[in-house]
Every structure is written in structure tokens, then in C-alpha cells.
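Notes follow the structure.
Protein chains: 2
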Amino acid sequence: MTTETAVWGVGTSLFGKQPQLSAPELTWVAVLEAIDDAGLAGASAIDAVYAGTVFGDPGVAQRALQSIGVTSVPIITIENACASGTTAFHEARLAVESGRYERVLALGIETMTAVFDGAIAPIRSDAEGAQGFAMPSIYGMSATRYVHEFGVTSEQMALVSVKNHRHAVGNPRAQHSRTVTVEQVLASRMIADPLTLYQCCSIADAAAAAIIGPRRSPSHPRDVPIRSSALRSGKLWDQRSSKVWGWDIVAETAALAYEQAGIGPSDVDVFEVHDAFTIGEIVTTEALGLCELGGGGRLVESGHTSIGGPQPVNPSGGLLSRGHPLGATGLAQIAEIVWQLRGEAGARQVDDARVGVVETMGGGAAGVDGNGCVVAVLGRS
Amino acid sequence: MTTETAVWGVGTSLFGKQPQLSAPELTWVAVLEAIDDAGLAGASAIDAVYAGTVFGDPGVAQRALQSIGVTSVPIITIENACASGTTAFHEARLAVESGRYERVLALGIETMTAVFDGAIAPIRSDAEGAQGFAMPSIYGMSATRYVHEFGVTSEQMALVSVKNHRHAVGNPRAQHSRTVTVEQVLASRMIADPLTLYQCCSIADAAAAAIIGPRRSPSHPRDVPIRSSALRSGKLWDQRSSKVWGWDIVAETAALAYEQAGIGPSDVDVFEVHDAFTIGEIVTTEALGLCELGGGGRLVESGHTSIGGPQPVNPSGGLLSRGHPLGATGLAQIAEIVWQLRGEAGARQVDDARVGVVETMGGGAAGVDGNGCVVAVLGRS
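Line by line, the protein sequences are chains A and B.
Read in order, the letters of the first sequence correspond to residues 471 to 851 in the numbering used here.
Read in order, the letters of the second sequence correspond to residues 471 to 851 in the numbering used here.
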């Protein structure tokens, strides 16, 4: 017997380059908004915390939370690369589902711009990264192979950036809030061939939060039911395989999440997915079942995934335009879907959104299928 | 309806200064021993992983585990300062208890000696640490206050080190394997008055692992039942209070764990506790209820906590002598209690050990009650 779960409330800081704000300061903004949004009397109502961060100092969540009164309760800090925030969300949901807690804070925290000079420096043990084989190169290699296999065009890749920048103009919390054209995207500085600057997400500073509890509807009509969430880790890569783009882990995780929710991809009205690079969104929309393998370029070109189209992807602007503060990203995706399903997304509202999906990919390298992937389905059945 | 849980098997690497071994290499030793000890057919039998590390690179658990065949399953990496390993154990137990998984790997990984020069460097955001107010100073200040309040003597503090070094001589995996005298302890180099070198644990490189599943006994007599585990985080410190030694968080966490297990401290035959510094074990034995507040110095002096005494504490040698590779410590404590309860502890075996307790304290500072504390009760009822 498991408890049905719901998101009671969400909150985020602004996203962007804001090195003057400390991790606790960003956290307070996100958590206090989420507490208020959930209708809790205060921080002392929280039973437990799952916090996602990648580069946060040890104890960052405890220090940030103590001064707003979240003390004594279990605080579990989770690292799962770019999927740290959604992994925290997943564990928080499972904890509520098991009946262990009633009001759990899922939190993501990341401060990057004071530490990194424009891009993430390779980690200590990453000899390949030190030689330049960092995330942009990995995605660039995947893009090159993908172009070879399926004939996606540079213009189609650029259109992901154009779409997500356009969406972000409606998002007052986004890091980048201006439109770009295909020509501008392709003419921007080359980062890792074929990926130009505007096809790469930017590092950022932010926090994002969600309060998860047992489903209270219909007495709490603003609660957003969590219909499922799934977490998978990567697999060893068969060197004889040409599949270097992480399609499998997303497809397998999505299949689990769809099955648990009792839906298929055509039932989903709005998606927030891991567009760390334009090629990432193309591959991910395929793996999530919005189109066939190799069809992701044509999908974005058709307008299917734009606001106004049948299945908008990244109405928030996505990682490409909201910015990508690693641990905070997953909870920002959750917050966006919650706002969309409540009809509170303002200028970027997707009409009649009833079911939403969040997908986050953590890590990724040529040799592996990523550190982990989380897919969650939210909305009323 | 919850599932009763048990530790099916444990494993550890050697503990010590071994910078030539990578985190994956240390992990393989610990995990493959645990898999073998649990009687699993292989790594592919594992359903999920909770891995504790503090300074491990992002994705360290995934990289270490992929090459021994632990892929695709959920891998959740947890940071909770020195309690990271036992927090991973606690979350793994709760996941099995909820019925979500059947064979969960709880893992601790830490490589420190190649990164730090003798002691942990203060983290980036720790302005007090940068001024010298690091862990030894924090414990030194606590010790000074404790001496003032309760009259514990330098000799009593030194006796903790003497006892744990003596215990470690029976532990072939320990970092420090030689006896020391009270005179040697007190004459060793001063680190943070009144704590001398031999009263401080050393950094180390190691991994440790446990396989947790539903209780299978009596058909599997080597399974060690987990009777309870509890996790609490710290509280804000009242500046008017003179209680600077972290007694409260240990006592509150232990009270929860004892209550869930239906036991009291006098029912426990053997303890593994967080003796990062000698004063830590003294305060912790009090908070765990082995003696009254202020009686910890006399307790160690009486021989009560020595192997051969009524309630041995740290038969493994503890952090002081086994070494303290942060994320690995908690699982090494679990492994020691499992070996003790099975009667497999060799030269350091505690006679007729039936119930064992593990306690780990994470973090700690003058302003807070620590990042977190975990207490677990193992053994047959």
C-alpha cells in the first residue's frame, strides 16, 4: 500500500550570473516561496529534506536551511551530476510514497559563476576532460555522429536554440531573455564543432525547491499530483556501437515512468527536458517518444514543440535560456511544469496543459550512457 | 506494512594512506567482497545503490561500479559530511524496508591522501576555517569547555587513544597498528590544545560496502538483522548555552534508534562510534547512555569500553586508529559490527556479542550541532 503523492508548492530564485548571492541566500528565496506556495505554516512544518547539488560545499544544505528554521529533521544531500535536482525530487517522492514523511522539501542548489570561468573546469580525476574532452566536446561528437546517421541539419539544431530563447522571453526568472535567429545562432562563436555558443547552455547561480506530500486534492486544487518518477543509471558503452548520443538511457527511463503513470507520450501536453546543448533536446524528444528515431530535427522544425504547437518542449526556455545551475535545474523543471499545469505560467502558458513530463540527464561521456537520468510525470489523471 | 531488513554481506578495502589506488580500485575490493559475503551470484543482482562520499568527484560511484557490472539500476550518491556512509546505509535500509528494492548496495568511498596534505583543507565558503577554526580547533574548544564543566583529565582523554590503538592491533585492515601509552599520547605534537596528534584521527583512502535486503533468517544464519536506524540533522546553537560539544544531537538520534529497536543502552554489547578526536568518544559514550553526562572520562578509565570490558567501544580501532576516510567510515563501522555479531572479528572479537550499535557524527561547528548524526542498531532480538 503506497501513498499517492503531489507537489504542494514550488519556488525558485532568479537564474543567472549572480555571484554576489551566497548559496544560503539563493536557497532562502526558493524555499520560502515554496513553503508559502504550499500553504505551510512555516519551515518547521517540513519533515525531511532531499537536496541536490554537484559542486556545493559539504553541508551546504544544512547551513542554508538552519537559519530559516529547518533543523533536526533528516537532511540528505544528493549528487547525480546534472540530474541531482530531479534525483532529490525522486527520492523525496519515494519517501512520501512509503509513508515515512508527510511534508518533504526537495531542493536544488548551485553557485557556479564565482567558481568557474565561463564553463565547468574538468574534475580532478578526468584525464580526458583535461585534454579538452569536456561536456561540449562530448555533445559535439554526438552531434557529428548524429548528423552523419540521420541527416539532421545545422539549421534544425539551431532552431532548438531559437525556440527556447523565444520561450524564455516569457520567463522573468530566466538567465537569457532575448530572441535569437537561426543566422545568429550559427554565426555565434564555435565551441565544439558543430555546436556554436548559442547552442550551449550557460553556467548559472540559483536554487529551486518543491514541497512534496500526500495527495490532498480535491480539497487543495492547486496540488499537482505526481503520477510517476523513474531513475536509471548509465550502461557501459559497446565500442562497436555508433550510438554515442545517450538515446537509450532516456528511452528506458521514460518507458518506466510512462508505464507507472499509465500513459504514453501522446498523452503529454508539455515537457521540460535536458537541452544542455541543442543536440540534446533533439535526441531527447526522440527518446521520449515524441517522434521516431532520427526525426528530432524535423520535429522542432515543424513547430510541434513550440508554445502554440501540440506538445511544447521547454516553455521555460530550458537549460539553454533559463541557464543551467546544475543541482537547481531539475527542481526548476519541476516548478515550471507545476506552474504550467496550474495555469500560472503567464506569458509562456501552454493552453490546456493537464499532463507534464520532466526529464533530466546527468553526466554523459562517450564511454557511458550518462551517470543517470530521471523522468517524472505530473498532472491529473 | 514494512519489510524487516538485514545486512546480507559486508566488505572493505584496506584503510590507510594508499594514494596509488584510485577510487574505483578501492571500491571494487569492498563491493566484490560484500557481494561474495552476501552470497549473491554477482554484481548484476544488485537492485540499487546508495553511495556516500564527501570529496568524491561527481559521478565517482557510477564510474567505479560500471566496470564491475552495476549499471542501469538507480545509483544515488549522498553527502552528509563524516556521516555520509551511514546516511547511505540509512537510506538503503529505508528503501528495502519500503519494499522498493530487494538487494541494495550501501557504499562509502573516499580518497584523501592524494588531495589533502595531512589534514582536510577548509572548504571554499568556510571563512572561519580559513582563519584556523577547522575541525581540530572545534573539537579542541569543545574539549576545553568540557574539561572546565566536568573535570575530565588529560589522562582520561588520552586513554581513549590508548584503548583504540590497542584494539586496532587486532584489525588487519586498520591504518595504525601499534600500541601507544598515555605518556606517548600526551607527548605527541600539539594539534589544537588540549588535543595532541594521537588524539586526532588521520585522513585515509578506503571504500566500504554492505548489501542490504529483506531479513532471510533463520535460513541464512549469517544475515545480521537491522533493528533500527535514525538520522537527525543539527540545530542552531543557543549562544547563551555552554553546551558546545554536540551531545544533544547524538542523544536525540540514539533515543530514536533505541526506541525503534525496543532496547536501551544497557542491552548493547558492542559499539562503533565517531571518535574523530578523543573528546568525541567521551562525549558520545555519554550521549549514547553508557554513563551519565560528564562521566565519559571515568568510563574509559574503568575499562568498561575496552575489549574484555562489559561494553567495548570501537573494537576496530575506531576512526583514531582504523583511519577516517570520510565517506567510507560509516560502512566500515557497519562492517565491524556485522563481523562482531557473527563472531568473525578474530583477535578483536567481543565475547558473546548479540546487539551492536553504530554512531556517526557528520560535521560540527561551534554554531551548530553538526550537519547530521546517524545511529543504527543491529543484531538479533
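Positions of the beta carbon are idealized from the N, C-alpha and C atoms, including for glycine.
Collapsed DSSP secondary structure at residue i in the structure displayed
i, result
"Leu-510 (chain B)", "coil"
"Ala-584 (chain B)", "coil"
"Glu-619 (chain B)", "helix"
"Glu-549 (chain A)", "strand"
"Ile-733 (chain A)", "coil"
"Pro-853 (chain B)", "Residue 853 (chain B) lies beyond the range of chain B shown here (471 to 851); nothing can be said about it."
"Val-783 (chain B)", "strand"
"Asp-718 (chain B)", "helix"
"Arg-570 (chain A)", "coil"
"Leu-801 (chain A)", "helix"
"Arg-697 (chain B)", "strand"
"Arg-702 (chain A)", "strand"
"Ile-673 (chain A)", "coil"
"Ile-579 (chain B)", "strand"
"Glu-814 (chain A)", "coil"
"Gly-826 (chain A)", "strand"
"Gly-526 (chain B)", "coil"
"Ala-836 (chain A)", "Here Ala-836 (chain A) scores only 49 on pLDDT, less than 50, and its place in the model is too uncertain to base an answer on."
"Thr-541 (chain A)", "coil"
"Val-820 (chain B)", "coil"
"Gly-793 (chain B)", "coil"
"Leu-848 (chain B)", "strand"
"Thr-472 (chain B)", "coil"
"Ile-777 (chain A)", "strand"
"Ile-855 (chain B)", "The structure shown does not extend to residue 855 (chain B), since chain B is modelled only from 471 through 851, so no value can be given for it."
Neighbour list for residue i in chain C, Cβ cutoff strictly below 9 Å
i, result
"Ile-804 (chain B)", "In the displayed structure, chain C is absent; the protein chains listed are A and B."
Rounded distance between the beta-carbons of residue j and residue i, thought under 8 Å
i, j, result
"Thr-482 (chain A)", "Ala-805 (chain A)", "5 Å"
"Val-566 (chain A)", "Pro-684 (chain A)", "6 Å"
"Ile-505 (chain B)", "Ala-521 (chain B)", "Not a contact, Cβ separation roughly 15 Å."
"Ser-786 (chain B)", "His-637 (chain B)", "7 Å"
"Arg-702 (chain A)", "Cys-843 (chain A)", "5 Å"
"Ile-579 (chain B)", "Gly-833 (chain B)", "In fact, because the Cβ distance is near 18 Å, the residues do not count as touching under 8 Å."
"Glu-549 (chain A)", "Pro-528 (chain B)", "6 Å"
Any C-beta of chain A under 8 Å from that of residue i
i, result
"Ser-703 (chain B)", "yes"
"Ala-815 (chain B)", "no"
"Leu-564 (chain B)", "yes"
"Ala-836 (chain B)", "Because Ala-836 (chain B) carries a pLDDT of 49, less than 50, the predicted location of this residue cannot be relied on, and the following value inherits that uncertainty. It does not; no Cβ of chain A falls within 8 Å."
"Ile-593 (chain B)", "yes"
"Ala-852 (chain B)", "Because chain B spans 471 through 851 in this model, residue 852 (chain B) falls outside it and cannot be assessed."
"Gln-532 (chain B)", "yes"
"Ile-538 (chain B)", "no"
"Gly-842 (chain B)", "yes"
"Pro-688 (chain B)", "no"
"Ile-546 (chain B)", "yes"
Which listed residue (the options) has its alpha carbon closest to that of residue i
i, options, result
"Ile-752 (chain B)", "B:Thr-583, B:Leu-629 and B:His-690", "B:Leu-629"
"Phe-747 (chain A)", "A:Pro-489, A:Val-632, A:Ile-807 and A:Val-524", "A:Val-632"
"Gly-732 (chain A)", "A:Ile-696, A:Val-720, A:Glu-756 and A:Glu-742", "A:Ile-696"
"Gly-778 (chain B)", "B:Val-740, B:His-560 and B:His-744", "B:Val-740"
"Ala-657 (chain B)", "B:Glu-619, B:Leu-796 and B:Ser-624", "B:Ser-624"
"Leu-789 (chain B)", "B:Arg-818, B:Gly-764, B:Arg-686 and B:His-646", "B:His-646"
"Gly-764 (chain B)", "B:Thr-581, B:Val-738 and B:Trp-717", "B:Trp-717"
"Leu-665 (chain A)", "A:Ala-534, A:Ser-612 and A:Gly-759", "A:Ser-612"
"Arg-686 (chain A)", "A:Gly-826, A:Arg-573, A:Glu-549 and A:Arg-643", "A:Arg-573"
"Ala-518 (chain B)", "B:Thr-497, B:Ala-500 and B:Thr-541", "B:Thr-541"
"Tyr-728 (chain B)", "B:Ser-851, B:Val-655 and B:Pro-606", "B:Ser-851"
"Glu-829 (chain B)", "B:Ala-757, B:Asp-822, B:Phe-525 and B:Thr-649", "B:Ala-757"
Chain B within 8 Å of residue i, Cβ atoms only
i, result
"Trp-809 (chain A)", "no"
"Leu-502 (chain A)", "no"
"Ala-678 (chain A)", "no"
"Val-543 (chain A)", "yes"
"Gly-833 (chain A)", "yes"
"Thr-557 (chain A)", "yes"
"Val-847 (chain A)", "no"
"Val-524 (chain A)", "yes"
"Leu-706 (chain A)", "yes"
"Ile-857 (chain A)", "Because chain A spans 471 through 851 in this model, residue 857 (chain A) falls outside it and cannot be assessed."
What residue ranges within the segment 735-765 of chain A form continuous alpha helix (DSSP H) runs of no fewer than 4 residues, ordered along the chain?
748-757
At 3 residues or longer, and completely inside the segment 586-669 of chain A: list those beta strand (DSSP E) runs for me, N to C.
660-662
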